[in-house]
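The opening residue of the first sequence carries number 135 in the working numbering; numbering runs sequentially from there. As structure tokens, the structure follows; a few thoughts come after it.
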Amino acid sequence: MKIATWNVNSLAIRLPQVVEWLSAHPVDLLCLQELKLTEDKFPLEALQAAGYGHCAVFGQKTYNGVAILSRHPLENVHRNIAGFEDEQARVVAATVHTPAGPLRVVNGYFVNGQAPGSDKFAYKMRWLDGLRQWLAAEMSLGAPLVLVGDFNITADDRDTHDPEGLRETIHHTSEEREQFQALLSLGLVDAFRLFEQPEKSYSWWDYREMAFRRNKGLRIDHILVSQALQPRVRSCVIDRAPRKNERPSDHTPVVVELDLG
DNA sequence: ATGACGGTGTGGCACCGA
135 MKIATWNVNS LAIRLPQVVE WLSAHPVDLL CLQELKLTED KFPLEALQAA
185 GYGHCAVFGQ KTYNGVAILS RHPLENVHRN IAGFEDEQAR VVAATVHTPA
235 GPLRVVNGYF VNGQAPGSDK FAYKMRWLDG LRQWLAAEMS LGAPLVLVGD
285 FNITADDRDT HDPEGLRETI HHTSEEREQF QALLSLGLVD AFRLFEQPEK
335 SYSWWDYREM AFRRNKGLRI DHILVSQALQ PRVRSCVIDR APRKNERPSD
385 HTPVVVELDL G
């Protein structure tokens with residue numbers, strides 16, 4: 135089973151690139167963030183034609199919006215964080231059945247947070263608190279779980295091109311990294327770090343100042359798996375290729391392969 | 001360098017992202 139996550143920064147603009155990528159990488163599940171469209175504008179037919187006939191969509195006009203594209207039926211679809219009031223469409227979860235049993239998939243577009251001390255940063259912290267509490271309940275149900283998405287957090291200094299210059303700035307603060315560790319403390323593992331990875335591996339690069347060509351990026355798109363799945367993780371890679379497209383998203387896909395029999 | 005680049009909206013720029 136292959137699961138990918140990709141912040142596409144507008145599905146309306148990026149749909150051709152998504153379809154092209156799926157034809158070359160026919161993953162079982164593709165979790166998208168920043169759809170920037172409402173559900174009535176979701177390109178269901180094009181994705182069905184690409185083999186993704188089962189989609190869990192949570193859209194919103196202009197901002198945010200998440201979806202799980204699947205080759206397999208999805209059950210128990212849940213939108214946003216249970217127990218946390220949120221006007222923004224940032225989370226969609228679903229259960230997919232595998233030969234090894236049900237797998238819970240949670241796809242999140244985490245809050246950006248703008249700057250430490252801002253109202254948006256406070257919202258980010260509250261949102262992360264709510265997510266963690268809900269995930270604790272989800273995990274207590276017993277099914278293995280995968281948490282994917284645009285976390286908008288660098289887990290540690292390896293995840294940033296400038297650890298000194300960006301210390302304690304947004305995506306790099308101690309508070310955000312403590313929240314990331316608190317998610318791991320629920321019993322989750324960073325699938326990417328289970329493997330030896332190239333130095334300076336990032337998943338996002340600013341559109342400005344030729345950041346991609348200079349590899350001035352951040353690793354902020356993550357795939358966490360519950361500990362029971364750790365021995366089942368066969369690979370976890372960042373696919374930089376779509377960032378070289380014309381009119382690319384500023385993020386690029388991350389893919390995990392699970393051996394579930 | 002409170003900028004750059006790119007997306008959205010009902011726009012002539014402002015807001016947001018990271």
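Just so it is clear, CB atoms sit at the ideal spot from N, CA and C, and this is done for glycine as well. As the structure is a prediction and not an experimental result, all values here were calculated from the model.
With a threshold of 16 other beta carbon atoms within 10 Å, residue 294 meets it and is buried.
Note that the C-beta distance between residue 277 and residue 395 is not below 8 Å. Unbroken beta strand (DSSP E) stretches of 3 residues or longer found wholly inside the segment 221-307: 225-232, 235-243, 279-284, given in chain order.
For residue 209, the pairing in a beta bridge is given by DSSP as 229. Among the bridge pairs identified by DSSP, residue 161 is matched with none.
The beta-carbon distance between residue 340 and residue 141, rounded to whole angstroms, is 13 Å. This is too long to meet the 8 Å contact definition. Secondary-structure assignment with DSSP links residue 141 through a beta bridge to 167.
Annotated three-state conformation of residue 174 is helix, per DSSP. DSSP, read as helix, strand or coil, puts residue 320 in coil.
Cα atoms of residue 152 and residue 215: separation of roughly 26 Å, rounded to the nearest angstrom.
If you draw a straight line from the Cα of residue 224 to the Cα of residue 256, it comes to about 16 Å. In the structure shown, the three-state DSSP call for residue 378 is helix. Here residue 338 is bridged, per DSSP, to 352, 385. Among the bridge pairs identified by DSSP, residue 357 is matched with 282. Note on geometry: alpha-carbon atoms of residue 358 and residue 393 lie some 15 Å from one another. Using a 10 angstroms sphere on the CB of residue 186, the tally of other CB atoms reaches 16 or more, which defines it as buried. Judged by DSSP secondary structure, residue 368 falls within the beta strand (DSSP E) whose first and last residues are 367-372. Boundaries of the beta strand (DSSP E) around residue 201: 200-204. One alpha carbon belongs to residue 296, the other to residue 305, and they sit about 12 Å apart. The beta carbons of residue 389 and residue 364 sit no closer together than 8 Å.
Around the Cβ of residue 313, a 10 Å sphere holds 16 or more other Cβ atoms; the residue is buried.
In chain order, 138, 203 place their CB closer than 6 Å to the CB of residue 164, counting only its own chain and leaving out the 5 sequence neighbours on each side.
Taking every protein chain shown into account, the CB of residue 231 has fewer than 16 other CB atoms within 10 angstroms, so this residue is exposed.
Per DSSP, the continuous beta strand (DSSP E) segment holding residue 190 begins and ends at 188-192.
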